[in-house]
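Residue numbers (our numbering): 8 to 153.
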Ligand SMILES: [Cu+2]
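Given below as C-alpha cells:
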C-alpha cells in the first residue's frame, strides 16, 4: 500500500515535469499513439511470462474511459490471481487508485476501481500464483484511450 502511494506520487511529479518540458506543443487529442512501444500488443488474452497460464481480461465499461474509473474482469486457465495493477511503464508510475481484487471462485476475478488518468501506453498487470507458491505475471498492453 505504501509503495503504491509513493509510486503514484512520483508518477504525478514525473508527469508534471513532462508537461512542463513539452510545453504548449503537447497535443492531448493525439491519444499518445507516438508513445506506444514497437512491440505493442493489444491482445486481451495472453500467456503468462513463465508460459504456464492463459489469462484474459475484459473491462466495464468498454472501451476504457480516460480518467474515469472502470472495472476489470480476469480469467485464468489455472493458478490463483493474487494481485492486479495498472502502470505506465515508460513514465514509471501507476494509478492513483488501488483496485480491490475479488475471487469469484470459478477461475474468474473482478477488480475495481482501475483508472487511467492520462492518455498513452498503459499496462494491466495480473500476478498468478501456482500451487507451489511460485508466481508468474500476465501483462496486457493498453492504448489509453480509444
Ligand atoms: Cu504517465
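Virtual Cβ for every residue (Gly too), placed ideally from N, Cα, C.
- With a cutoff of 8 Å on beta-carbon distance, residue 67 and residue 77 are scored as near each other.
- Distance from the CA of residue 149 to the CA of residue 50, rounded to the nearest whole angstrom, comes to 9 Å.
- Taking all protein chains in view, the Cβ of residue 138 is surrounded by fewer than 16 other Cβ atoms within 10 Å, so the residue is classified as exposed.
- Secondary structure of residue 73 (DSSP, three-state): coil.
- About 4 Å separates the CB atoms of residue 57 and residue 143; that is less than 8 Å, so the two are in contact.
- Per the coordinates, the alpha-carbon of residue 118 lies some 27 Å from the alpha-carbon of residue 42.
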